[in-house]
């Protein structure tokens with residue numbers, strides 16, 4: 004079944020356990036009917052449901068398998084189209100791409116949405132605003148059409164208006180001096196509070212979302228009070244009742260990116276944990292595995308971000324914040340920022356949420372429905388319900404018994420079309 008592209012207009016997938024992403028109970032012996040890229044029916048394979056299968060539909064038996072919505076990564080960077088193709092092979096059907104250049108990222112989104120692109124759908128957060136000399140002005144390209152480094156309130160507002168004219172739906176801000184991972188290196192310049200507020204307020208005025216990189220609570224609080232829509236990273240300090248209440252009141256989306264902090268705390272250990280799974284290794288080129296496992300690779304990050312002991316000491320607070328915010332009803336959307344493992348990083352992130360204490364259905368919702376909601380695309384995707392886009396995975400393992408089973412992909416469907424082969428097809432076969 005895996006491999007190739009299924010071109011039938013209408014398909015009926017029968018017998019799998021369906022996990023629709025809404026948080027409802029799994030449906031054993033399910034029926035999923037897909038036509039012209041849309042879900043027609045998703046539910047139990049009752050006699051009445053089976054009568055709804057159109058004549059001539061291609062029927063696929065999936066007894067003993069599982070179906071879940073396509074995964075959505077709410078925080079990625081991609082160095083190439085190859086990174087994006089790798090994401091789709093690991094079951095990631097949509098991404099929030101943090102990007103410097105609005106026009107270039109919009110063009111990429113157009114290419115990714117074309118049939119046969121082999122890439123997930125791309126929803127850019129662009130441009131990435133920062134201070135001159137600050138984080139994300141370390142050799143990253145600028146945007147030739149607007150100023151990513153505004154030095155006044157009016158420059159900030161005009162840059163956002165220009166981003167809107169160029170087609171942006173979301174901007175990103177860097178509010179961080181990076182001391183938490185760079186010390187004893189000197190802290191980087193941080194954007195002035197008035198400029199950050201102007202960027203966020205103008206984004207809201209223009210109907211744009213605003214994601215903010217702010218792992219320190221003081222920076223995050225500033226962004227939330229200005230009207231940010233998402234925190235693109237977890238918060239490093241323990242959050243008490245007041246910060247949690249503020250986040251809930253302001254309806255902020257929290258994107259923990261737990262894997263990045265684990266990676267910076269101990270790069271070698273994190274890499275080895277991911278690569279301890281044979282399915283993960285089978286889905287990566289041997290040269291990539293060797294590079295990631297090399298002492299040179301991990302040492303590069305110890306030199307670049309020498310404050311790793313501080314990061315390690317903050318991991319318990321990050322886990323606790325995830326649980327407290329989830330319990331309080333703050334939206335948790337899965338995002339990875341994981342350059343080391345494009346696509347595969349989603350399942351690694353899911354495993355960290357489960358280890359922190361979220362249940363497998365809660366973890367899966369963070370990677371599907373809530374991630375879609377953070378991008379304002381939940382009316383069309385993120386769950387498997389009648390009328391929605393048919394983005395889904397067929398798995399050979401139960402993700403509710405172990406969330407890492409989302410790696411056991413037999414097939415990836417994007418917009419109702421099978422787009423395999425999956426990353427780890429060799430291991431599964």
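In this note's numbering, the protein residues as written are 4 to 432. Where is the CB? At the ideal position from N, CA and C, for every residue including glycine.
Where residue i falls: helix, strand or coil (DSSP)
i           : result
residue 391 : coil
residue 9   : Bear in mind that the predicted position of residue 9 carries a pLDDT of just 46, short of 50, making it too unreliable to give a figure here.
residue 251 : helix
residue 443 : A question about residue 443 goes unanswered here, because the residues of the chain that appear run from 4 up to 432.
residue 413 : strand
residue 384 : coil
residue 398 : strand
residue 422 : coil
residue 243 : coil
residue 189 : coil
residue 427 : coil
residue 153 : coil
residue 267 : helix
residue 171 : coil
residue 404 : coil
residue 227 : helix
Straight-line Cα distance separating residue j from residue i
i           : j           : result
residue 427 : residue 92  : 8 Å
residue 19  : residue 110 : 37 Å
residue 23  : residue 311 : 39 Å
residue 386 : residue 276 : 30 Å
residue 214 : residue 176 : 6 Å
residue 103 : residue 133 : 10 Å
residue 423 : residue 119 : 11 Å
residue 154 : residue 198 : 7 Å
residue 410 : residue 267 : 23 Å
residue 68  : residue 265 : 32 Å
residue 285 : residue 291 : 11 Å
residue 362 : residue 332 : 15 Å
residue 399 : residue 70  : 9 Å
residue 107 : residue 59  : 42 Å
residue 259 : residue 39  : 35 Å
residue 347 : residue 90  : 7 Å
residue 9   : residue 141 : For residue 9, the predicted model reports a pLDDT of 46, less than 50, meaning its position is unreliable and no value from the coordinates is stated.
residue 319 : residue 359 : 9 Å
Residue i, enclosing beta strand (DSSP E) - first and last residue
i           : result
residue 101 : 95–101
residue 78  : 74–79
Identity of the residues DSSP links to residue i by a beta bridge
i           : result
residue 177 : 216
residue 233 : 214, 256
First and last residue of the uninterrupted alpha helix (DSSP H) at residue i
i           : result
residue 198 : 196–208
residue 377 : 372–377
residue 165 : 156–168
residue 272 : 270–278
residue 366 : 363–369
residue 182 : 182–185
Minimum Cβ-Cβ distance from residue i to chain D less than 8 Å
i           : result
residue 244 : Among the protein chains of the structure shown there is no chain D, as only one such chain exists.
- Query: Of all the beta strand (DSSP E) runs that stay within the bounds of the stretch 4–73, which reach a length of 3 or more residues?
  - Reply: 13–17, 33–38, 41–47, 61–64, 69–72
- May I have a chain-ordered list of the beta strand (DSSP E) segments no shorter than 3 residues that lie completely inside the stretch 82–151? 95–101, 124–128
- Only counting runs of 4 or more residues, tell me where the alpha helix (DSSP H) segments fall wholly within the stretch 283–360, in order along the chain. 289–296, 298–307, 311–331, 347–359
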